[in-house]
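Student: Just so you know, the sequence shown maps onto residues 455 to 592 in the working numbering.
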Amino acid sequence: MIDNGGWTRRMIRHWKEFEVGTARYYGGDRRYVTMSKRGIILINRKTVEDMGKPEGFVMLYDERYQTIGLRPATQNERNFIELKVKKGVTHRIVYAYQFCRHFKLKPTGTIVFTKPELDHDGVLLLELHSATEAAART
Numbered sequence: 455m456i457d458n459g460g461w462t463r464r465m466i467r468h469w470k471e472f473e474v475g476t477a478r479y480y481g482g483d484r485r486y487v488t489m490s491k492r493g494i495i496l497i498n499r500k501t502v503e504d505m506g507k508p509e510g511f512v513m514l515y516d517e518r519y520q521t522i523g524l525r526p527a528t529q530n531e532r533n534f535i536e537l538k539v540k541k542g543v544t545h546r547i548v549y550a551y552q553f554c555r556h557f558k559l560k561p562t563g564t565i566v567f568t569k570p571e572l573d574h575d576g577v578l579l580l581e582l583h584s585a586t587e588a589a590a591r592t
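The following block contains the structure:
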């Protein structure tokens with residue numbers, strides 16, 4: 455309330471609550487996948503294990519539902535994209551810049567897929583419409 459020389463008026467506020475934790479990393483006990491604005495997809499160990507530790511993927515895109523699909527694949531399959539291993543880290547990397555460019559996917563920063571799920575065919579589903587901005591590291 456504000457006191458203006460004898461009269462008081464109430465300010466109506468239109469607060470928007472900041473949701474802490476929607477895009478935070480919660481360790482290895484759940485699936486966690488991010489994508490940078492340069493199309494670099496990071497997949498945590500739990501997710502890779504749930505998928506059967508594939509060598510790589512065939513990348514899919516469902517435009518109608520704004521969903522990226524990563525279908526486990528072997529090197530001899532057409533359109534195979536290797537799952538990269540970086541020394542000293544447990545996550546795995548998919549370089550998807552050309553994929554993003556082809557489908558005109560342009561995240562403005564790093565996004566977190568809030569519900570990475572496996573469908574009945576073992577395809578990892580990454581829904582863009584429900585992805586959130588990654589929390590900044592402090």
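Cβ coordinates follow ideal geometry from the N, Cα and C atoms, glycine included.
(1) To which residues does DSSP link A550 through a beta bridge?
(2) Return the Cβ separation of L579 and D573 in integer angstroms, given the expectation that the two are a contact with Cβ distance under 8 Å.
(3) Going by the CB atoms, is the gap between T544 and V566 shorter than 7 Å?
(4) Which residue wins for smallest C-alpha separation from K538, given the options P561, F511, H556 and E517?
(5) Please state whether the Cβ-Cβ distance between G434 and K500 is less than 7 Å.
(6) Can you tell me whether T528 is buried or exposed? The criterion is at least 16 other CB atoms within 10 Å of its CB, across all chains shown.
(7) Kindly list the residues whose CB is nearer than 6 Å to the CB of L582, restricted to its own chain and excluding five residues on each side of it in sequence; keep chain order.
(8) Does DSSP put V512 in a helix, a strand or coil?
(9) Mind checking I466: buried by the 16 CB within 10 Å criterion, or exposed?
(10) Name the one or two DSSP bridge partners that K538 has.
(11) Identify whether A477 lies in helix, strand or coil by the three-state DSSP scheme.
Tutor: Considering the structure as presented:
(1) Paired residues: none, contrary to the question.
(2) 6 Å
(3) no
(4) F511
(5) One cannot answer for residue 434 here, as it falls past the ends of the chain, which runs 455 to 592.
(6) exposed
(7) Q520
(8) strand
(9) exposed
(10) I547
(11) With a pLDDT of only 49 at A477, under the threshold of 50, the placement of this residue in the model should not be trusted; the figure read from the coordinates follows. Reduced to three states, the DSSP call for A477 is coil.
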